[in-house]
Amino acid sequence: MELDSVYRMYRPLLLSIAYRMLGSVTHAEDLVQDAFVTVQQQNSNKEGEPVRNLKAYLCKIVTNRCLDYLKSSRNKREVYVGPWLPEPLVQDYAAVPATASAEGQDPLQMIVLEDTISYAFLFLLERLTPIERAVFILREAFEYDYRDIADFVNKTELGCRKIYSRLKRKIQDEPPAELISSAQSEQLVLRFLHATATGDMEGLFAMLAEDIVLYSDGGGKVMAAINPITSSKRVLAFIQGLTSKGDGQGSVRLVIVNGQLGFVLSSPSEPYPTVVSLEFKDDRVQRIYLVRNPDKLRHLKLG
9 MELDSVYRMY RPLLLSIAYR MLGSVTHAED LVQDAFVTVQ QQNSNKEGEP VRNLKAYLCK
69 IVTNRCLDYL KSSRNKREVY VGPWLPEPLV QDYAAVPATA SAEGQDPLQM IVLEDTISYA
129 FLFLLERLTP IERAVFILRE AFEYDYRDIA DFVNKTELGC RKIYSRLKRK IQDEPPAELI
189 SSAQSEQLVL RFLHATATGD MEGLFAMLAE DIVLYSDGGG KVMAAINPIT SSKRVLAFIQ
249 GLTSKGDGQG SVRLVIVNGQ LGFVLSSPSE PYPTVVSLEF KDDRVQRIYL VRNPDKLRHL
309 KLG
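Counting in our numbering, the sequence shown runs from 9 upward without gaps.
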């Protein structure tokens with residue numbers, strides 16, 4: 009099979025693995041491109057024996073390069089200013105049809121359309137070690153068998169089974185965000201936005217879970233909360249503070265953030281927009297994620 013055909017066939021899969029591993033669109037694209045360059049060079053130089061399963065070989069290359077990147081970036085994460093949030097994948101809400109066709113779609117857009125891992129779940133994966141993350145993603149999201157996973161991450165099959173089993177129990181003890189229907193999500197998000205826009209603080213407070221947490225990622229580049237904001241009273245006060253500073257000229261646009269309804273906040277006084285994702289539980293807002301770091305928004309078309 010020609011390498012160009014292989015590139016078109018497997019690039020979406022590899023981007024999806026890399027994005028889940030890294031939480032970064034930019035670095036996912038770079039690593040996937042580098043994997044294909046490596047294979048192309050090997051073919052040109054005719055090094056070693058021919059690859060029998062090119063798909064598995066590419067997945068192994070990408071997985072290992074993601075592991076190397078995560079290990080090397082751990083120190084950077086430790087000195088990161090404020091909470092570190094993954095780069096969001098964003099689509100215009102009105103542009104998402106009920107049954108989207110894969111034809112002509114960019115691979116990253118296809119990840120959005122097909123993704124069942126919400127932004128909240130992607131954030132949860134950040135708490136895992138690189139190896140744990142690789143094993144869980146390859147098994148849970150892509151249903152690879154343990155033999156392949158063991159080969160990808162250079163571990164034993166038994167070891168991978170134990171890692172996955174342990175993580176499943178751990179995550180079941182702390183369930184991720186609910187995947188709610190589009191209609192229910194739209195209703196809740198619109199209620200949240202209406203209460204905020206009209207100053208209905210009582211209505212807004214009623215929507216917030218008592219143990220809500222708000223994460224704001226500015227990366228030290230723009231204004232953002234340095235620490236997570238916990239409890240409904242503190243989150244309400246934070247939102248009140250934001251709305252009181254507004255000049256009334258800002259705009260709100262509904263978007264799809266990693267397969268779930270969210271919104272983008274823009275203001276003439278701010279050089280970059282803010283992508284907001286809400287996590288719900290029992291019709292209340294459990295987590296709020298504000299992505300403000302401009303480095304994590306450059307891959308998006310939010311103009």
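Cβ coordinates follow ideal geometry from the N, Cα and C atoms, glycine included.
Closer than 6 Å: residue i CB and nearest the ligand FMN heavy atom
| i | result |
| --- | --- |
| Q268 | You won't find the ligand FMN in this model; it holds no ligand whatsoever. |
Beta-bridge partners of residue i, as assigned by DSSP
| i | result |
| --- | --- |
| K170 | Bridge partners of K170: none, in fact. |
| Q99 | I264 |
| E287 | R295 |
| I237 | L222 |
| S275 | The partner list for S275 (beta bridge, DSSP) is empty, contrary to what the question assumes. |
| L269 | I264 |
| S259 | S274 |
| T282 | L273 |
Cα-Cα separation, residue i to residue j
| i | j | result |
| --- | --- | --- |
| A214 | K289 | 13 Å |
| E194 | G270 | 9 Å |
| G249 | E86 | 28 Å |
| L75 | V299 | 24 Å |
| A245 | H35 | 36 Å |
| Y15 | R60 | 16 Å |
| M17 | L30 | 22 Å |
| I179 | E140 | 12 Å |
| L132 | R73 | 21 Å |
| L201 | T238 | 20 Å |
| K309 | Y297 | 19 Å |
Sequence-distant residues of the same chain with beta carbon closer than 6 Å to residue i, five excluded per side
| i | result |
| --- | --- |
| S32 | E95 |
| E218 | S240 |
| E287 | A128, A185, Q294 and R295 |
| Y152 | L146 |
| G258 | S275 |
| N301 | D225, G226, G227 and K229 |
| R169 | Y154 |
First through last residue of the alpha helix (DSSP H) which encompasses residue i
| i | result |
| --- | --- |
| Y127 | Y127 to L133 |
| L250 | S240 to K253 |
| Y27 | L11 to L30 |
| V197 | S190 to T206 |
| R146 | Note that residue 146 corresponds to Leu in the displayed sequence, not to Arg. From DSSP, the alpha helix (DSSP H) with L146 extends over P138 to E148. |
| G90 | Looking at the DSSP string, G90 is not in any alpha helix (DSSP H), and its letter there is neither H nor E. |
| G211 | M209 to M215 |
| Y152 | Note, Y152: premise wrong, no alpha helix (DSSP H); not H, not E. |
Contacts around residue i, its chain only, beta-carbon distance under 7 Å, and the 5 residues preceding and following it disregarded
| i | result |
| --- | --- |
| D291 | L196 |
| D208 | none |
| P236 | P91, V221, L222 and Y223 |
| Y172 | V143, F144 and R147 |
| I2 | For residue 2 there is no data in the structure shown, the boundaries of the chain being 9 and 311. |
Residues of its chain near residue i, where Cβ-Cβ distance is below 8 Å and the 5 sequence neighbours each way are ignored
| i | result |
| --- | --- |
| D159 | A64 and K68 |
| K79 | P138 |
| L22 | V40, A43, L66, C67 and V70 |
Supposed close pair residue i, residue j - CB separation, criterion 8 Å
| i | j | result |
| --- | --- | --- |
| L216 | T204 | About 11 Å separates the two Cβ atoms, so there is no contact after all. |
| V98 | V263 | 5 Å |
| P281 | L273 | 6 Å |
| V89 | I234 | 7 Å |
| V243 | V265 | Contact flag wrong, Cβ pair sits at about 19 Å. |
| L136 | L175 | 7 Å |
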